[in-house]
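Report on one structure; see the data block that follows.
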Ligand SMILES: Cc1cc2nc3c(=O)[nH]c(=O)nc-3n(C[C@H](O)[C@H](O)[C@H](O)COP(=O)(O)OP(=O)(O)OC[C@H]3O[C@@H](n4cnc5c(N)ncnc54)[C@H](O)[C@@H]3O)c2cc1C
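Residue numbers (my numbering): -18 to 394.
What follows is the structure, given as structure tokens:
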């Protein structure tokens, strides 16, 4: 049986960074340590390649605790220690140049996620870390010398284990929730889990006519009629309901509410204009384009499909020509532009979600992310009960927690 000083379970963002940090720490202390990454997939980093639409939004220069949810107070020291600048510098030291685009989002300079993965892979290679692929860890047992790690057909031993299996989101890329089972078997609890950064479902009868349309605006989530959070950005209409980065931001709250409260999303399709100003524009359209089908009366200011649905929802009947619209109907359309409302039927499932909300509580780990319940075990990444907003914050946590767990595991040897 192979025996390692440190075995990292999971070759995703946090696991690869943890292994690199552990090897670097051992190098500093002139310790010759045997370190391995055990990965279920035939190759490491499959999810990394899919991040940021293949461009890998690897951190955000605004990354601080205000962009995270879950055990934020306990995650704060880790996030404070490894700031976005430190992560960018670390990647620079590996040979990866980064650049910041809109809203603090940081990408590899060549906008290729494969660059991030290759740099990490070559870094690990240079540091002498072994990568063992097609090794799906089925269970981990504490032993006198450390841990025994079993796949269905093999086993290895390790003095220290870093559990970095990811969550349950996007299981087609490898993270299928098995990390929670391993953590539970070693004494940990797991909070309620739900998909986040995911599309929100609405009534399919309302979603279908809007499919493919996009609109810039604001979206407000209401729970039992009470506004909870407003975000702005591009709203994408899909056959399931609503999508786009701003909708992703609301999806976590939808998942958290868990169907216990009536959830609705109200869109303001022209946030820069008041209802009165929109009414005045509509009056003008009626006057100058009287022959226009009334359903298209908004076609000069919002996406045509969206405009038609707004008019339909406002008037509840098939309208004739713009010239026939009465003042009360124009008022109703203007109001609907400011409050285009959808009942929320939950979110799409794990296979469509970018991240997992919930996980192993951070109170069960110390400040170095070592388990308080199973000494010698460290946890990193999405597996823990902390998740970030859309925009590079989740990978930022993966790097930060990976460095923390990896360095500490090496330091403890
Ligand atoms: C489509 C998509 C796009 C995204 N884009 C971004 C983005 O641009 N910016 C951003 O910040 N975040 C993004 N995210 C989120 C981000 O990718 C994750 O939060 C991050 O990868 C989590 O890192 P991790 O190491 O904890 O888990 P993962 O990256 O999921 O890695 C876990 C690894 O463990 C392996 N594994 C699982 N179980 C076992 C087992 N039992 N034995 C052995 N190996 C196992 C898996 O195969 C996987 O390789 C995106 C997510 C998705 C799905």
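Each residue gets a CB set at the ideal place from its N, CA and C atoms; glycine is no exception. Model, not experiment: these values are computed from the prediction.
- For the pair residue 393 and residue 126, the Cα-to-Cα distance works out to about 14 Å.
- Using a C-beta cut-off of 8 Å, the stretch 146 to 161 makes contact with the stretch 328 to 348, since at least three inter-stretch Cβ pairs fall below that distance.
- Beta-bridge annotation (DSSP): residue 146 is not paired with any residue.
- Taking the Cβ atoms as the reference, residue 382 lies roughly 6 Å from residue 362, within the contact range of under 8 Å.
- Closer than 8 Å to some heavy atom of ligand 1: that does not describe the Cβ of residue 49.
- With respect to residue 214, residue 222 sits apart: the two C-beta atoms are not nearer than 9 Å.
- For the pair residue 146 and residue 23, the CB atoms are not nearer than the 9 Å cut-off.
- With 16 or more other CB atoms across the displayed protein chains lying within 10 angstroms of its CB, residue 182 is buried.
- Sequence-distant Cβ neighbours of residue 12 in its own chain, meaning closer than 7 Å and more than five residues away, are 394.
- By the CB criterion at 9 Å, residue 82 and residue 30 fall outside the cutoff.
- Around the beta-carbon of residue -9, 16 or more other beta-carbon atoms lie within 10 Å, marking it buried.
- Here DSSP, grouped into helix, strand and coil, assigns residue 354 to coil.
- If only uninterrupted alpha helix (DSSP H) runs of at least 4 residues are considered, those enclosed by the stretch 232 to 306 are 256 to 269 and 285 to 296.
- At least one heavy atom of ligand 1 falls within 8 Å of the beta-carbon of residue 151.
- By the Cβ neighbour-count rule, residue 290 is buried, with 16 or more other Cβ atoms within 10 Å of its own.
- In this structure, DSSP gives residue 327 an extended state, which the three-state scheme calls strand.
- Relative to ligand 1, residue 36 has its C-beta within less than 8 Å of a heavy atom.
- Residue environment analysis places residue 218 among the buried positions, since at least 16 neighbouring C-beta atoms fall within 10 angstroms of its C-beta.
- Counting only residues of its own chain and dropping the five nearest sequence neighbours on each side, residue 77 has a CB closer than 7 Å to the CB of 89, 96, 97 and 100.
- Distance from the CA of residue 264 to the CA of residue 270, rounded to the nearest whole angstrom, comes to 10 Å.
- Checking the DSSP bridge columns, you'll see residue 368 partnered with 50.
- Cβ-Cβ distances below 6 Å link residue 359 to 143, 350, 351, 386 and 390 in the same chain, with the five nearest sequence neighbours on each side left out; the list follows chain order.
- A residue is called buried when at least 16 other Cβ atoms come within 10 angstroms of its Cβ; residue 65 meets this threshold and is buried.
- Ligand 1 has a heavy atom closer than 8 Å to the beta-carbon of residue 118.
- Its Cα nearest to that of residue 197, the residue 250 stands out among 188, 241, 250 and 162.
- DSSP assignment within the stretch 75 to 156 yields the following whole alpha helix (DSSP H) runs of 4 residues or more, N-terminal first: 94 to 107.
- Per DSSP, the unbroken alpha helix (DSSP H) holding residue 28 starts and ends at 27 to 31.
- Collapsing the DSSP output to three states places residue 216 in a strand.
- Annotated three-state conformation of residue -1 is helix, per DSSP.
- Contact between residue -6 and residue 380 holds: CB atoms are separated by about 7 Å, below the 8 Å threshold.
- Taking the Cβ atoms as the reference, residue 141 lies roughly 32 Å from residue 370, outside the contact range of under 8 Å.
- In the three-state scheme derived from DSSP, where H, G and I count as helix and E and B as strand, residue 64 is classed as coil.
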